[in-house]
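Here is the structure we will look at.
Numbering (this note's numbering), first residue to last: 246 to 1161.
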């Protein structure tokens, strides 16, 4: 009589271990073994782990260490058990769409909502085309009741104990009645606790020894994995759950129907065929190795052997299983000896006839090497590696299988199994008590490897994630989503790339993600020599303010509006701001370069300024004027009376500082300070700009200051400092903020600018500031006064396309391997027109990931800054004078057409207009 499908599954129940403060899930499996007369129950518990795997861009030394860790750990693998590595890569975007939908709801401006909606459309398109994939690595580890490798002690006692446990488990299974029941069966409880402490604990240690970052999955998570093998819907509540605690057992029921029946009730029973299986509305075919690989040149090549195939752009909706179980060492030795004798005999016969049997000699050498490896401690191990490819139609399935097979070359060729597809697919389920690729006496397609070589056929490699949310990138290999969170996590970032490499587009994407999360952004922009900027149009359309500081007044002595903070927070933030203000004042007094001779020492000037600032900000009348100005606002009379540089000069006198007796040097310093500051106040242009009340509001969510028309060194430095102070006022007035600074190479030659940026990197975190510094290469920053301080606090770096001449700088300054960073200097690393993405090397605390940034098309349209692009955008905006959002949406599609077709944007827009 033919069995129903659910009878071919061996799931008894789902287990939940609440022991030692842990929450661990697992499958309890049961199967009848033996003849009908001597039938016994075989019980097994399967623990499930999720792992980040081994990062594919780790350097060779790291890969060598990882390979040795895997090899060493596998020697301790318990005999009689299996460990199955399950790698999967499926196109999808559900979680990201949910996050983006929440951001759309949180956006404060229509343009912001449009950009995020455009990102949703881009993500959906990438998933639909198979370019965005969810990559996972899970590990199933078995603990078999009756396997004496888990026990030590008297054999008879162990056998009696195991027999009693099997009886207890039988009784347990017969108790399912639909009611919650509690059991105190000591043998059953002892067995399950033993399985947890001996089995689970052993595997946790084993996987950790492999160097794999792991997380044990809960009961809900292991049920979800099983449910998703059959269904495309959200999982139902676990039908039957066995709760194991340190005090006893408890059964929890949500349904009287067996879990095996419920698994296929909604999605339907899988359709079995010899060459494929139909499940989850898809056709699935298995592929297997027909022969072993012929060795690898390096540890990196060995560990990444499967990843090179699984990470290709065309590979999607694909799984890879590798099940390991111990082989018979003695049998392997005998087989190797027999093979050696065969090869030696063939070589001798060939020599007798005057020929050379190269093949036999090679086999003989390989066998001798294998024998040596066994003598040195290598263990034979069975490996069953299976690939499952899923496609919506048989035609697509056939094509995908052929293409995937072509990724492997002989001797390690991979072929589709078109005779036992149903059996193999079923064996990949974690609730089946069969060895993968072994079916009774019908076939055994497993391959014996030594522990020194088996790592090459285990899917251990997978890109490590960065953050749970944030700006999204897709890994260059595998299309795995990587998120960079500059919003809820504290980090300072450096972005380095040459012109036309997508740097401004990436920055704008960061801006938008900050704004829709309610995080204010202040940026210092360094426009092109012709005065154009990538951010001007973008800033205005997303609800921000863009200022050319040379056309505005920016009160140097204006402080952040700290009314929303507690007294202690106000004190701390004002103290930090005063530190930045001190840098600006010193620069105004001693000059930008401090190279010329001064009548007094800089140290004395700094000491007096610190004292003057302290007195100034403690003065009641000064405090009152600040408070009134903030209350009444920028256009009020009180704002015109806000303290300025002229007021501060009065505090730089001996009587104001209560210095009744001062030495000659201090007196000279006071006179010099007053003279220099007064000269700034009275000088037209810049001096007037920084000595009067500010003429712009600094409470916009996005505030961009443009540095243009810089004059001599002193003026350039002071203008820059006034801009940075204006930006910092906005940042200090917020709980958290994003501060973006263009490198502006000409400015880093000034010690004062470098010191200010260095202080921002070192202390900004205390005020919730996340700093992003951009540039073309790290040379200018490194050679500046505070270069070391900046780089020591820059935990994350994004490196785009760079010049060949900059490769050495990244190698020397950041310690990047030349073979790694050289890729960024290649022509192929420029943004790709056909895919509309830019390419980046993400360095997050020394973990390297090559990835791509796919910008929303609306964002690309707003940031386009070529003269032709700006003219074309203006034309399209004029077509819809009363609907700028529609205009930008229209222009984004025209820009996409221009980029992908290679047609000039001018022609594309003109053709559009002429067709109206």
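The beta carbon of each residue, even a glycine, is placed where N, CA and C say it ideally should be. Note that the structure is predicted; figures quoted are calculated from it, not measured.
Query                                                                                                                : Result
Exposure of residue 447, with buried meaning 16 or more beta-carbon neighbours within 10 Å                           : buried
Residue span of the beta strand (DSSP E) that contains residue 381, given as start and end                           : 378-389
Separation of residue 497 from residue 1014, as counted between CA atoms                                             : 49 Å
Three or more C-beta pairs below 8 Å linking the stretch 307-320 and the stretch 450-470                             : yes
Validate contact between the stretch 973-993 and the stretch 839-857 using beta carbons, cut 8 Å, 3 pairs            : no
Proximal residues to residue 1042 (C-beta, below 6 Å), its chain only, five neighbours per side dropped              : 739, 1088
Straight-line gap, residue 921 to residue 1127 (C-alpha atoms, nearest Å)                                            : 52 Å
Expected contact under 8 Å - CB spacing of residue 461 and residue 294 to nearest Å                                  : 6 Å
C-alpha gap between residue 699 and residue 628, whole angstroms                                                     : 7 Å
With 16 other Cβ atoms within 10 Å as the buried cut-off, status of residue 662                                      : buried
Contact under 8 Å by Cβ, residue 301 with residue 722                                                                : yes
Enclosing beta strand (DSSP E) for residue 262 [first to last residue]                                               : 256-263
Residue from 950, 849, 1078 whose Cα sits closest to the Cα of residue 916                                           : 849
For residue 261 and residue 487, believed in contact at Cβ under 8 Å, the rounded distance                           : 7 Å
Assigned exposure category for residue 924 - 16 Cβ within 10 Å defines buried                                        : exposed
Contact belief for residue 887 with residue 938 at Cβ below 8 Å, rounded distance in angstroms                       : 5 Å
Residue 570 - containing alpha helix (DSSP H), residue span                                                          : Residue 570 -> not in any alpha helix (DSSP H); beta strand (DSSP E) instead, spanning 563-571.
Beta-carbon proximity list for residue 250, same chain, < 6 Å, skipping 5 on both sides                              : 514
Sequence ranges, beta strand (DSSP E) only - wholly within the stretch 731-789, length at least 3                    : 738-741, 766-770
In chain order, each beta strand (DSSP E) run of at least 3 residues that lies wholly inside the stretch 697-728     : 716-720
Limits of the beta strand (DSSP E) - the one that residue 1083 falls within                                          : 1083-1089
The stretch 945-965 / the stretch 926-935 touching (three or more Cβ pairs under 8 Å)                                : yes
Helix, strand or coil at residue 985 according to DSSP, with G and I counted as helix                                : strand
Cβ pair residue 936, residue 890 closer than 8 Å                                                                     : yes
Identity of the residue in 433, 297, 386, 484 nearest residue 501 by Cα                                              : 484
For residue 571 and residue 292, believed in contact at Cβ under 8 Å, the rounded distance                           : Incorrect: roughly 18 Å between the Cβ atoms, too far for contact.
Between the CA atoms of residue 825 and residue 817 - distance to the nearest angstrom                               : 13 Å
Own chain partners of residue 780 with C-beta closer than 6 Å, once the 5 adjacent residues on each side are dropped : 770, 949
Given residue 783 as reference, the closest of 754, 637, 476, 1150 once Cα atoms are compared                        : 754
First and last residue of the uninterrupted beta strand (DSSP E) at residue 333                                      : 327-336
Counted within 10 angstroms of its Cβ, other Cβ atoms place residue 894 as buried (16 or more) or exposed            : buried
According to DSSP, residues forming a beta bridge with residue 1043                                                  : 740, 1087
For residue 628, the first and last residue of its enclosing beta strand (DSSP E)                                    : 625-636
Identity of the residue in 1103, 569, 1054 nearest residue 1140 by Cα                                                : 1103
Among 1073, 1005, 819, 1115, the one whose alpha carbon lies nearest that of residue 737                             : 1005
Residue(s) in a DSSP beta bridge with residue 1096                                                                   : 720, 1085
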